[in-house]
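Some notes on the structure that comes next.
Residue numbers (our numbering), protein chains in the order written: chain H, 519 to 659; chain U, 519 to 659; chain G, 519 to 659; chain A, 519 to 659.
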């Protein structure tokens, strides 16, 4: 299973606030998209996983905002699995600026934010459950 | 069952966009909140309704944006049932400015937006279903 | 200037509601993304336009929801300019299902929703303004 | 200036995900609302502050999700200033369940989540700035 992946994110207008920058809450779904695409690269969709009764609930989120992202920025999010136990997965994230379109000066590759999250595996009734063996098996981290 | 209700809405920072006004997508959940509270005033929560297998899916939304709402504005939303058949409910909405806090001039009571929606009753598998008798029974509209 | 464009949209987890389908408010930013990419195809970003003091405010939104979109669905949104005056732009939208990943049966190409919007050109103080000549000039519709 | 405040939050339908619980990204605006109302209790709106050129940008967010919040839950958020320097403010948050309306068993007062954030004061160009004296002056924490 791949333990690192990158996705491109285009900042939506509705994700930006009156300061003209992406609101800090908007980053949280981007991290989730990073996890989703990392899982897809392993050959499975989270949609199928959830349909099979395996749910992943977030129990911790830590985000550091270093530089603002602006409307229409093209960003690159790198997602990495840094810990994996029988019941939890830990990810780390790096969000970088790829391209800015509003005509202002910018530094491509600049680090905008970092984050880490912990997910816990639960069943449909919200009780802790073991991760599927194929997901937990190789003992990364 | 009451067919008209009002709620107060405080505009959240994250609902505002780089123009410094509430993004047009933010109004859509407010209309939903208006419907929820109107239902609650009839003695039932939509949460309980859904738990009983009665789902209301939106099939049409028409919104007219007349004047911008700003961050931290206190708004008044009036929601009205204007049509009710065995399988559908139609609502109309008026959104007015109650109070503006950023120190700029404003006209309390000013009409900011109007909207109308149509909801269809469906079951858990997404098939059309009849509205519960107590909800559809009095033939408003 | 191109008057028709298509974009792909992947339904985010956070855009879906307890019915397991995309919430109707989530479609509204997708329509905006369709407009943004249609403008970009003409060689200009909306970010640059806004930086030049040309703002486009939505005054009307009409959406028809026909079939639900589900988490992780890959959708195709077609955006079309259907009217253009000195101060307003009208768009129409068709949202279709391209690919479903949760293992359930589906009909690729199925029409999920249609919509239309009207945008008005305003200046930074919210006053009506004329569209830039290059945008309004060719008199589509 | 008060350094502790509580607000009530009603969980919106659109804030809930296919697991039937509030999506973890939805909590982030609630924390912001807690800060806004704490500031208002000191006699000033953040809207007026921003209008005066004083912007508060989040630089760190740490959230711990303990128990899910459900659609239509009435929650109580307690926000506390725990640190205050010339350029930064630190807050801590506790989110508790007040009332659940879907008919399922629940424990009123149950702790659902905790969080902490750090805000930095910036000017309109995004440069670090000193907090207004009245805000920073009393040296809490």
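In this text, a Cβ means the ideal position worked out from N, Cα and C, and glycines have one as well.
field: Contact with chain G by residue 563 of chain H, beta-carbon distance below 8 Å
entry: yes
- prompt: beta strand (DSSP E) containing residue 564 of chain H: first to last residue?
  reply: Careful: residue 564 of chain H lies outside any beta strand (DSSP E), inside the alpha helix (DSSP H) at 564 to 569.
- prompt: Looking at the structure shown, is residue 547 of chain U part of a helix, part of a strand, or coil, going by DSSP?
  reply: helix
- prompt: Counting contacts by CB-CB distance shorter than 8 Å, is residue 581 of chain U in contact with chain G?
  reply: yes
message: Among the candidates A:620, A:608, A:615, whose CA atom is the shortest distance from the CA of residue 649 of chain A?
response: A:608
query: Would a check of beta-carbon distances place residue 617 of chain A closer than 8 Å to chain U?
result: no
Alpha carbon of residue 580 of chain G to alpha carbon of residue 578 of chain U, nearest angstrom: 7 Å
- prompt: For residue 644 of chain H, which residues of its own chain have a beta-carbon under 6 Å away from its beta-carbon, when the five flanking residues on both sides are left out?
  reply: none
- prompt: Based on the DSSP secondary-structure assignment, which residues constitute the bridge partners of residue 580 of chain U?
  reply: U:634, G:580
message: Give me the DSSP bridge partner(s) of residue 614 of chain G.
response: G:594, G:629
- request: Grab me the residues of residue 592 of chain G's own chain with a C-beta within less than 7 Å of its C-beta, minus the 5 sequence neighbours each way, in chain order.
  value: 526, 528, 616, 617
Closer than 8 Å to chain U by CB, residue 645 of chain A: no
message: On the DSSP letters alone, give me the boundaries of the alpha helix (DSSP H) that residue 653 of chain U sits inside.
response: 651 to 654
query: Taking Cβ positions only, does residue 659 of chain H come closer than 8 Å to chain A?
result: Note on residue 659 of chain H: pLDDT 36, under 50, position unreliable in the model; the coordinate value appears next. No, no contact with chain A.
query: For chain H, is any of its Cβ atoms less than 8 Å away from the one on residue 543 of chain U?
result: yes
task: With DSSP as the reference, please indicate the residues paired to residue 609 of chain A in a beta bridge.
output: A:599, A:635
- request: In the DSSP assignment, find the beta strand (DSSP E) that holds residue 526 of chain A and state where it starts and stops.
  value: 522 to 528
message: Please state whether the Cβ-Cβ distance between residue 611 of chain G and residue 636 of chain G is less than 8 Å.
response: no
query: Who are the neighbours of residue 610 of chain G on chain H, taking C-beta pairs under 9 Å?
result: Per Cβ cutoff of 9 Å: no residues; residue 610 of chain G is ~20 Å from chain H at best.
- prompt: Does residue 535 of chain G have its Cβ less than 8 Å from a Cβ in chain A?
  reply: yes
query: In angstroms, rounded to a whole number, what distance separates the CA positions of residue 597 of chain G and residue 551 of chain G?
result: 9 Å
- request: Look at the alpha carbon of residue 570 of chain A and the alpha carbon of residue 587 of chain H, and state the distance between them as a whole number of angstroms.
  value: 23 Å
message: Within 10 Å of its beta-carbon, does residue 622 of chain U have 16 or more other beta-carbons around it, so buried, or fewer, so exposed?
response: exposed
query: How about residue 545 of chain A and residue 613 of chain A: are their beta carbons less than 8 Å apart?
result: yes
query: Do you know how far the Cα of residue 599 of chain U is from the Cα of residue 559 of chain U?
result: 13 Å
query: In this structure, does DSSP put residue 588 of chain A in helix, strand or coil?
result: strand
field: Contact list for residue 538 of chain H against chain U, beta-carbon separation under 8 Å
entry: 536
- request: Tell me whether residue 540 of chain A sits in a helix, a strand or coil according to DSSP, three-state version.
  value: strand
query: Closest Cβ-Cβ distance between residue 532 of chain H and chain U: below 8 Å?
result: yes
query: Looking only at DSSP bridge pairs, what is residue 557 of chain H linked to?
result: According to DSSP, residue 557 of chain H bridges with nothing at all.
field: Residue from G:601, G:568, G:557, G:640 whose Cα sits closest to the Cα of residue 584 of chain U
entry: G:640
Chain G residues whose Cβ lies nearer than 9 Å to that of residue 633 of chain H: Chain G residues near residue 633 of chain H: none, gap ~15 Å exceeds 9 Å.
task: For residue 571 of chain A, decide whether its Cβ has a neighbour in chain U, counting only Cβ atoms nearer than 8 Å.
output: no
task: Could you confirm whether any beta carbon from chain G is found closer than 8 Å to the beta carbon of residue 559 of chain H?
output: no
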